[in-house]
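Here the structure is laid out as structure tokens; the discussion comes afterwards.
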Amino acid sequence: MSEFKQTLNSSLGKKLIMALTGLFLCTFLIVHVGGNLLLFNNDNGFSFNVYANFLTHFPPIEVIAYLLYLSILVHALYGLILTVKNRKARPVRYAVAAKSDASWSSKNMGLLGSIMFLFIVIHMGDFWFRYHNDKTMGFKEYRTDLATGETKVSDYTPANAEFSHSVSTENNVEVVRVKDLHARVAYSFSNIIYVIFYVIAMGAVAFHLLHGFQSAFRTLGWVHRKYTPVVYFIGTWLFAVIIPLLFAAMPVYYYYLSTQGAH
Amino acid sequence: MNLTLKVWRQKNAQTAGKFVSYKAENISPDMSFLEMLDVVNESLTHKGDEPINFDHDCREGICGMCSLYINGHPHGPKRGITTCQLHMRTFHDGETITIEPWRAEAFPIVKDLAVDRSAFDRIQQAGGYVSVNTGGVPDGNAIPIPKVIADEAFNSATCIGCGACVAACKNASAMLFVSAKITQLGLLPQGQPERYRRVQSMVAQMDEEGFGSCTNTGACEAECPKEIKLTNIARMNNDYFSAKLFREEEVHEQGH
Chain G
1 MSEFKQTLNS SLGKKLIMAL TGLFLCTFLI VHVGGNLLLF NNDNGFSFNV
51 YANFLTHFPP IEVIAYLLYL SILVHALYGL ILTVKNRKAR PVRYAVAAKS
101 DASWSSKNMG LLGSIMFLFI VIHMGDFWFR YHNDKTMGFK EYRTDLATGE
151 TKVSDYTPAN AEFSHSVSTE NNVEVVRVKD LHARVAYSFS NIIYVIFYVI
201 AMGAVAFHLL HGFQSAFRTL GWVHRKYTPV VYFIGTWLFA VIIPLLFAAM
251 PVYYYYLSTQ GAH
Chain Z
1 MNLTLKVWRQ KNAQTAGKFV SYKAENISPD MSFLEMLDVV NESLTHKGDE
51 PINFDHDCRE GICGMCSLYI NGHPHGPKRG ITTCQLHMRT FHDGETITIE
101 PWRAEAFPIV KDLAVDRSAF DRIQQAGGYV SVNTGGVPDG NAIPIPKVIA
151 DEAFNSATCI GCGACVAACK NASAMLFVSA KITQLGLLPQ GQPERYRRVQ
201 SMVAQMDEEG FGSCTNTGAC EAECPKEIKL TNIARMNNDY FSAKLFREEE
251 VHEQGH
């Protein structure tokens, strides 16, 4: 056991932890953006609210969720430890700033990470924490006529404070009652300050992953003439362009809807 | 050429240093950077001042002794050369040049611009020996090695241990140096018997010396006078994790 401890405490071992937690968080982003695309469904939040309910009530996902929170904390903590250690390795700074060829994002991973950490705290406080603890959060009732596929939506007030969700079918009409996270999303994203903060945070995600995704593979020692270009391609296009753009489009789209008076 | 030099002067590792400005006058553009400093030192000596202390030896780019962080670049602004190969024609007349020593906790300042790079020697020594057969002289090319592998190993072996990678790195990390020294043996058949032990000892010594860790920014690769590649670092990581996580030091539990 002490051999593993020594390995993980070495400079390379600490970077291994950074790389593994970082890559795990990257895979999470794919799932998160995929699920949240439901926000673009024009169905009064039916599919999104059902999805949010599924995420919080399906045990395997809850286990992975706690692994995810742990990964965020470990990644941030080790980032901090490594930064302090790296600063100590150069106690007297240069008078002339280094002009070496190195990408801006690679030199500012800590700054970008700090913006992201602040974002995650606010983001989880606003949605995750409220979803789990806010007793005043409303419910919606979706009645779908199974013959025609038409869905009618109305507010629902549970008789019992412990109520979380229900699915029932009466006379060929499926009745789904779930917590209305969608309304909270629409409310938050009607605030321009909030929208701007989200877009900036997604910019930070883009630049962090532009360097971070491929750097994780280098840290693991997986550099190969045939596969490294593939890693760069995925890191650049999927993680630094497509995913942050899709995420940033969500608050922008909901802000646009709020100005149209549709919500 | 007439230049203004802002030079870091520091008596020894214990005292604080500061920048002092000097005029370098009547400098030929064909002089090397070190020859320019020789001229400045000569005038300082004539005036009875202490000359500027800087490291140098072969002055033909192979010994790895010269250093100097010139205007934000180790070994000056040109790629793939050491300071002794840097000529004054790279600068323009009237320019102000800032000269600093390598800055790293693991490279304490000896005096002015000279730093103690013996941390590199200790890392190299931690690597240990390579098993070589005694006896008669072996035939040339008795061990077939693919040319690409030999080339890669020799490219890594061109590292002169000057420390520019540490100086260029924002974390003062020595990983380009250490990984080059690990790769030059790790790729070749002769280096195999001790390969996994070597990577562990050298990384352990590197950590002990107080160098930072690698962020894969690539600044070291860009500033290396011998153009050692960043792939060496990934190869070192691979060997290290392979050694630590998948290989056994001993096959059986030792009963002592």
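Protein sequences, first through last, are from chains G and Z. The letter at position 183 of the first sequence is residue 183 when you use the UniProt record's numbering, and the numbering goes up by one with no holes. The letter at position 143 of the second sequence is residue 143 when you use the UniProt record's numbering, and the numbering goes up by one with no holes. Virtual Cβ for every residue (Gly too), placed ideally from N, Cα, C. As the structure is a prediction and not an experimental result, all values here were calculated from the model.
Self-check item: Under 8 Å between C-beta atoms of residue 198(Z) and residue 128(Z)
Solution: Counted from its first residue, the second sequence places residue 198(Z) at position 198. Counted from its first residue, the second sequence places residue 128(Z) at position 128. Closer than 8 Å, so yes.
Quiz item: Sorted by chain position, which residues of the same chain lie with C-beta nearer than 8 Å to residue 147(G)'s C-beta, five sequence neighbours on each side aside?
Solution: Along the first sequence, read from residue 1 onward, the residue named residue 147(G) stands at position 147. Around residue 147(G): 172.
Exercise. May I have the straight-line CA-CA distance separating residue 142(G) from residue 50(G), to the nearest angstrom?
Key: Here residue 142(G) refers to the residue found at position 142 when the first sequence is read from its first residue. Here residue 50(G) refers to the residue found at position 50 when the first sequence is read from its first residue. The alpha-carbon atoms of residue 142(G) and residue 50(G) are separated by roughly 10 Å.
Quiz item: In the DSSP assignment, what are the bridge partners of residue 24(Z)?
Solution: Locating residue 24(Z) in the second sequence gives position 24, where the first residue counts as 1. The partner list for residue 24(Z) (beta bridge, DSSP) reads 3(Z).
Quiz item: Which residue from 34(Z), 177(Z), 97(Z) and 166(Z) puts its Cα closest to that of residue 155(Z)?
Solution: Translated into positions along the second sequence, residue 155(Z) becomes position 155. Residue 155(Z) has its Cα closest to that of 177(Z), out of 34(Z), 177(Z), 97(Z) and 166(Z).
Practice problem: Consult DSSP for residue 138(Z) and reduce its assignment to one of helix, strand or coil. | Solution: By 1-based counting over the second sequence, the position of residue 138(Z) is 138. Coil at residue 138(Z), not helix or strand.
Quiz item: Which two residues bound the contiguous alpha helix (DSSP H) that contains residue 179(G)?
Solution: By 1-based counting over the first sequence, the position of residue 179(G) is 179. Element bounds for residue 179(G): not the alpha helix (DSSP H) but the beta strand (DSSP E), 173-179.
Practice problem: May I have the straight-line CA-CA distance separating residue 236(G) from residue 245(G), to the nearest angstrom? | Solution: In the first sequence, counting from the first residue as 1, residue 236(G) sits at position 236. In the first sequence, counting from the first residue as 1, residue 245(G) sits at position 245. Straight-line Cα distance between these residues: approximately 12 Å.
Quiz item: Helix, strand or coil: which one does DSSP assign to residue 73(Z)?
Solution: Here residue 73(Z) refers to the residue found at position 73 when the second sequence is read from its first residue. Three-state DSSP puts residue 73(Z) in a strand.
Self-check item: Neighbourhood of residue 158(G) by C-beta, 7 Å cutoff - its chain only, sequence neighbours within 5 removed
Solution: What you label residue 158(G) is simply residue 158 of the first sequence in a count that begins at 1. Excluding sequence neighbours, residue 158(G) sits near 139.
Exercise. Measure how close the beta-carbons of residue 64(Z) and residue 162(Z) come, nearest whole angstrom, since I'm counting them as under 8 Å.
Key: Looking up residue 64(Z) in the second sequence gives position 64. Looking up residue 162(Z) in the second sequence gives position 162. Indeed they touch by this definition, with Cβ atoms about 4 Å apart.
Quiz item: In chain Z, which residues lie with their C-beta within 9 Å of the C-beta of residue 138(G)?
Solution: Within the first sequence, the letter at position 138 stands for residue 138(G). Neighbours of residue 138(G) on chain Z: none; closest Cβ ~46 Å, over 9 Å.
Quiz prompt | Short-range partners of chain G found in the region 208-237 of chain Z, where Cβ spacing is below 9 Å | solution = 210, 211, 212, 213, 214, 215, 216, 217, 218, 219, 220, 221, 222, 223, 230, 231, 233, 234, 235, 236 and 237
Exercise. Helix, strand or coil for residue 263(G), going by three-state DSSP, please let me know.
Key: Here residue 263(G) corresponds to residue number 263 of the first sequence, with the count starting at 1. The predicted position of residue 263(G) is uncertain, since its pLDDT is 46 and thus under 50; a value taken from the coordinates is nonetheless stated next. Residue 263(G) falls in the coil class under three-state DSSP.
Quiz item: Between the C-alpha atoms of residue 127(G) and residue 28(G), what's the straight-line distance to the nearest angstrom?
Solution: As a working note, residue 127(G) is residue 127 in the first sequence. As a working note, residue 28(G) is residue 28 in the first sequence. Roughly 17 Å between the two C-alpha positions.
Quiz prompt | Within chain G, partners of residue 104(Z) - CB distance below 8 Å | solution = Taking the first residue of the second sequence as position 1, residue 104(Z) is located at position 104. Those within 8 Å of residue 104(Z) in chain G are 89 and 90.
Self-check item: Which residues DSSP lists as bridging residue 114(Z), in chain order
Solution: By one-based count along the second sequence, residue 114(Z) stands at place 114. Answer by DSSP bridge pairing, in chain order: 111(Z).
Quiz item: Assuming residue 198(G) contacts residue 240(G) under a Cβ cut-off of 8 Å, what Cβ separation, rounded to an integer in Å, is found between them?
Solution: Position 198 of the first sequence, counted from the first residue, corresponds to residue 198(G). Position 240 of the first sequence, counted from the first residue, corresponds to residue 240(G). Not a contact, Cβ separation roughly 17 Å.
Quiz item: Taking 8 Å as the CB-CB cut-off, is residue 98(Z) touching chain G?
Solution: Against the second sequence, residue 98(Z) aligns to sequence position 98. Yes - at least one Cβ of chain G is within 8 Å of the one on residue 98(Z).
Quiz item: Under the rule that 16 or more other beta-carbon atoms within 10 Å means buried, what is residue 256(G), buried or exposed?
Solution: The residue labelled residue 256(G) in the question sits at position 256 within the first sequence. Label assigned to residue 256(G): exposed.
Quiz prompt | residue 18(Z) - partner residues in DSSP beta bridges | solution = Here residue 18(Z) corresponds to residue number 18 of the second sequence, with the count starting at 1. DSSP lists 9(Z) as partners of residue 18(Z).
Quiz item: Using 8 Å as the limit for Cβ to Cβ distance, is residue 155(G) near chain Z?
Solution: For the purposes of this step, residue 155(G) is taken as the residue at position 155 of the first sequence. By this cut-off, residue 155(G) is not an interface position.
Self-check item: Residue burial classification, residue 32(Z) (beta-carbon count within 10 angstroms, cutoff 16)
Solution: As a working mapping, residue 32(Z) is identified with position 32 in the second sequence. Per the 10 Å Cβ criterion, buried.
Quiz item: Is the region 168-187 of chain Z touching the region 228-245 of chain Z, taking contact as three or more C-beta pairs under 8 Å?
Solution: yes
Quiz item: In three-state DSSP terms, what is residue 71(G)?
Solution: Reading the first sequence from its first residue, position 71 is the one you call residue 71(G). Reduced to three states, the DSSP call for residue 71(G) is helix.
Quiz prompt | Candidates 217(Z), 219(Z) and 93(Z), of which the one nearest residue 24(Z) by Cα | solution = Position 24 of the second sequence, counting from 1, holds the residue named residue 24(Z). For the residues 217(Z), 219(Z) and 93(Z), the minimum Cα distance to residue 24(Z) belongs to 93(Z).
Quiz item: Do you know how far the Cα of residue 248(Z) is from the Cα of residue 193(Z)?
Solution: Mapped onto the second sequence, residue 193(Z) falls at position 193. Mapped onto the second sequence, residue 248(Z) falls at position 248. Answer to the nearest angstrom: the Cα atoms are 13 Å apart.
Practice problem: Answer with buried or exposed for residue 211(Z), where buried requires no fewer than 16 other C-beta atoms within 10 angstroms of its C-beta. | Solution: By one-based count along the second sequence, residue 211(Z) stands at place 211. Burial call: buried.
Quiz item: Any idea if residue 57(G) is buried or exposed, counting beta-carbon neighbours within 10 angstroms, 16 or more meaning buried?
Solution: By 1-based counting over the first sequence, the position of residue 57(G) is 57. Classification for residue 57(G): exposed.
Quiz item: Where residue 250(G) and residue 182(G) are concerned, what is the direct C-alpha to C-alpha distance, given to the nearest angstrom?
Solution: Your numbering for residue 250(G) matches position 250 in the first sequence. Your numbering for residue 182(G) matches position 182 in the first sequence. Taking the straight line joining both Cα atoms gives about 12 Å.
Quiz item: Counting only beta-carbon atoms, is residue 21(G) nearer than 8 Å to chain Z?
Solution: Along the first sequence, one-based indexing puts residue 21(G) at 21. Residue 21(G) does not count as touching chain Z.
Practice problem: Excluding the 5 residues preceding and the 5 following residue 45(Z) in the sequence, name in chain order all residues of the same chain whose CB lies nearer than 7 Å to its CB. | Solution: Taking the second sequence and counting its residues from 1, the one referred to as residue 45(Z) is at position 45. Closer than 7 Å at the Cβ level, and outside the excluded window around residue 45(Z), lie 51.
Self-check item: Completely contained alpha helix (DSSP H) runs for the region 38-91 of chain G, where each covers 4 or more residues
Solution: 46-57 and 59-88
Exercise. Check distances from the C-beta atoms of the region 10-39 of chain G to those of chain Z and list, in chain order, the residues that come in under 7 Å.
Key: 10, 11, 12, 14, 15 and 16
Practice problem: Note down, in chain order, each residue of its chain lying with its Cβ closer than 7 Å to the Cβ of residue 120(Z), except the 5 sequence neighbours on either side. | Solution: What you label residue 120(Z) is simply residue 120 of the second sequence in a count that begins at 1. Around residue 120(Z): 161, 163 and 177.
Quiz item: So is the beta-carbon of residue 154(G) under 7 Å away from any non-hydrogen atom of the ligand SAH?
Solution: As far as ligands go, the structure on display features none, and thus does not contain the ligand SAH.
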